[in-house]
Amino acid sequence: MKVLNHPNIVKLFEVIETEKTLYLVMEYASGGEVFDYLVAHGRMKEKEARAKFRQIVSAVQYCHQKFIVHRDLKAENLLLDADMNIKIADFGFSNEFTFGNKLDTFCGSPPYAAPELFQGKKYDGPEVDVWSLGVILYTLVSGSLPFDGQNLKELRERVLRGKYRIPFYMSTDCENLLKKFLILNPTKRGTLECHPRTFWGHPSIVLGPPSGSGNP
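So the sequence shown is numbered by my numbering: it starts at 330 and just counts up by one.
Spelled out as structure tokens, the structure:
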């Protein structure tokens with residue numbers, strides 16, 4: 330985490346190691362988890378969700394540019410500071426990646442996990458974060474998860490079907506953006522790229538074509 334310096338990523342100030350304990354001195358996010366915010370206040374209005382989501386995507390794109398994949402993006406790992414800005418936390422499952430050198434560890438929370446993880450397939454890295462971003466977007470706007478189940482087997486089946494309910498109040502622009510993230514085929518899901526265009530009502534970071542090469 331020390332190599333990451335982004336306004337929407339929790340800062341790691343210092344690591345203190347003793348014989349028995351490792352201490353991490355980190356930035357304090359007084360607003361708590363986005364998950365708890367949604368539980369307390371319900372779903373966000375799209376204007377608010379859009380602002381939060383742009384911050385999240387900006388931070389994840391920054392990580393990917395540094396060839397780091399988070400692998401555990403979820404509402405519980407998104408914190409809010411005193412000004413209600415996003416701070417991505419918990420890089421315990423993060424890893425460096427190189428396109429062409431596949432990763433194979435199932436990481437993160439199952440409701441946010443990409444379908445290829447449930448299938449035990451190897452992956453480059455960024456594409457699993459992109460799927461998780463889609464789940465987060467849905468959660469911000471609806472206050473619920475797009476995929477759930479009574480048990481892991483049922484959840485897996487629903488994720489692999491890729492079918493989810495679009496709430497009646499979700500705008501067409503938001504729905505179209507969501508569909509670019511929640512694509513079952515990881516080779517068509519794309520990577521995070523910055524384009525000078527308008528999306529979901531404002532200039533934003535959107536999905537670009539999948540990348541097939543690159544080295545840290």
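The beta carbon of each residue, even a glycine, is placed where N, CA and C say it ideally should be.
Exposed unless 16 or more other CB atoms sit within 10 angstroms - verdict on residue i
i: Arg-490; result: exposed
i: Pro-475; result: buried
i: Ala-411; result: exposed
i: Leu-408; result: buried
i: Met-373; result: buried
i: Leu-351; result: exposed
i: His-524; result: Model confidence at His-524 stands at a pLDDT of 43, short of 50, so the residue's coordinates are unreliable and nothing is read from them.
i: Phe-342; result: exposed
i: Leu-353; result: exposed
i: Leu-481; result: exposed
i: Gln-394; result: exposed
i: Gln-479; result: exposed
i: Arg-494; result: exposed
i: Tyr-305; result: No information on residue 305 is available, as it lies outside the stretch 330 to 545 that the chain covers here.
i: Thr-434; result: exposed
i: Ser-500; result: exposed
Simplified DSSP assignment, three categories, for residue i
i: Leu-341; result: strand
i: Leu-506; result: helix
i: Leu-521; result: strand
i: Val-354; result: strand
i: Glu-375; result: helix
i: Glu-348; result: coil
i: Pro-515; result: helix
Whole-Å CB distance - residue i paired with residue j, under 8 Å assumed
i: Val-398; j: Gly-454; result: 4 Å
i: Val-332; j: Ala-358; result: Wrong, their Cβ atoms sit about 20 Å apart, outside the cutoff.
i: Ala-388; j: Asn-424; result: Going by Cβ atoms, the distance from Ala-388 to Asn-424 rounds to 17 Å, so no, they are not a contact pair.
i: Asp-401; j: Gly-437; result: 4 Å
i: Leu-432; j: Leu-466; result: With 8 Å as the limit, Leu-432 and Leu-466 do not qualify as a contact, their Cβ atoms being about 23 Å apart.
i: Glu-405; j: Glu-362; result: 5 Å
i: Val-386; j: Leu-462; result: 6 Å
i: Leu-446; j: Val-457; result: 6 Å
Unbroken alpha helix (DSSP H) run spanning residue i, endpoints
i: Tyr-493; result: First-last for Tyr-493: undefined, no H or E at that position.
i: Leu-367; result: 363-370
Alpha helix (DSSP H) runs contained entirely in the stretch 440-485, provided each spans 4 or more residues: Runs of the alpha helix (DSSP H) inside the stretch 440-485: 444-447 and 455-471.
Those runs of the beta strand (DSSP E) which lie wholly inside the stretch 377-448 and span at least 3 residues: 407-409 and 415-417
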